[in-house]
Amino acid sequence: MLDRQLKKAAESTPASKTTKRTPAGRKRAAECRALLERDWATFSRVVDRAVSVPMSDYQRAVLVSFSYNVGAAAFEHWCIFRGRLLRTPPASEDA
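Residue numbers (the UniProt record's numbering): 1 to 95.
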């Protein structure tokens, strides 16, 4: 899903915008894409560790975005607090 969105954004960006020199402190499109992919991978792992129930690509994307915005520690704490919604219940020891 991320690849599709990034590809669409890249196709809509004229080549002239990606080849010009940028002022100090600004990033080129390729640098931004690399940073986004790195952050996406990092926070995808956070979501994968915290959520064990099946979810659609859109649901996963929302949780990755949310974890990026609140931070990994806050997201994991939130997942523990909301455990009934995100994790499968543990097997009963009596069974």
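A virtual CB, placed ideally from N, CA and C, is assigned to each residue, including glycine.
Could you compute how far the alpha carbon of residue i sits from the alpha carbon of residue j?
| i | j | result |
| --- | --- | --- |
| E37 | A29 | 12 Å |
| V64 | G71 | 10 Å |
| R26 | L35 | 13 Å |
| H77 | P54 | 20 Å |
| R33 | S52 | 28 Å |
| P23 | T42 | 28 Å |
| S56 | D48 | 13 Å |
Alpha carbons only, please: which of the options is nearest the one belonging to residue i?
| i | options | result |
| --- | --- | --- |
| A73 | V46, K27 and G25 | V46 |
| V62 | S44, R33 and G25 | S44 |
Rounded to the nearest angstrom, how far is the Cβ of residue i from that of residue j, given a contact under 8 Å?
| i | j | result |
| --- | --- | --- |
| Y68 | D39 | 6 Å |
| F75 | A50 | 7 Å |
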